[in-house]
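First up is the structure itself, then whatever we jot down about it.
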Amino acid sequence: MVANTKAKKGRLNMLKKEFKKNRVQSIYTIDLTQIEGDGSFPCPRCGALISPEDETEEVYTIVETKVANDELLELIISCCTCGTTLRVTGFQHIVGLAGE
Ligand SMILES: [Zn+2]
27 MVANTKAKKG
37 RLNMLKKEFK
47 KNRVQSIYTI
57 DLTQIEGDGS
67 FPCPRCGALI
77 SPEDETEEVY
87 TIVETKVAND
97 ELLELIISCC
107 TCGTTLRVTG
117 FQHIVGLAGE
């Protein structure tokens with residue numbers, strides 16, 4: 027009985043680890059401060075050009091926005107072509123450039 031319980035626990039931990047790994051792999055982070063130009067970038071997986079200023083949602087859909095003090099901090103988007111989830115950060119940089 028004791029051995030049985032141990033085996034169960036081990037398998038659960040393995041599943042947890044696998045879950046964590048999958049989550050990390052499926053989300054790419056795009057830092058706009060590392061991107062030159064108007065802030066558009068190719069999808070890391072399929073290469074579709076994603077522009078944060080494109081609001082048609084044809085290339086990507088916005089999953090979640092994180093705003094603090096009326097400033098956009100982070101955008102979670104999903105590529106319409108391959109379905110990859112992308113985390114876009116570094117918007118303050120773009121806003122600063124536009125103001126100059
Ligand atoms: Zn894609």
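Note that the working numbering has the sequence shown beginning at 27, numbered continuously upward.
Here a beta-carbon is modelled for each residue, glycine too, at the ideal position from N, C-alpha and C.
- Closer than 7 Å to some heavy atom of ligand 1: that describes the Cβ of A74.
- In the DSSP assignment, the residues bridged to F67 are I76.
- Not one heavy atom of ligand 1 falls within 7 Å of the beta-carbon of T59.
- The three-state reading of DSSP puts T107 in coil, since its state is none of H, G, I, E or B.
- Relative to ligand 1, even the nearest heavy atom lies 7 Å or more away from the CB of R113.
- Counting along the chain, E90 sits inside the beta strand (DSSP E) bounded by residues Y86 to A94.
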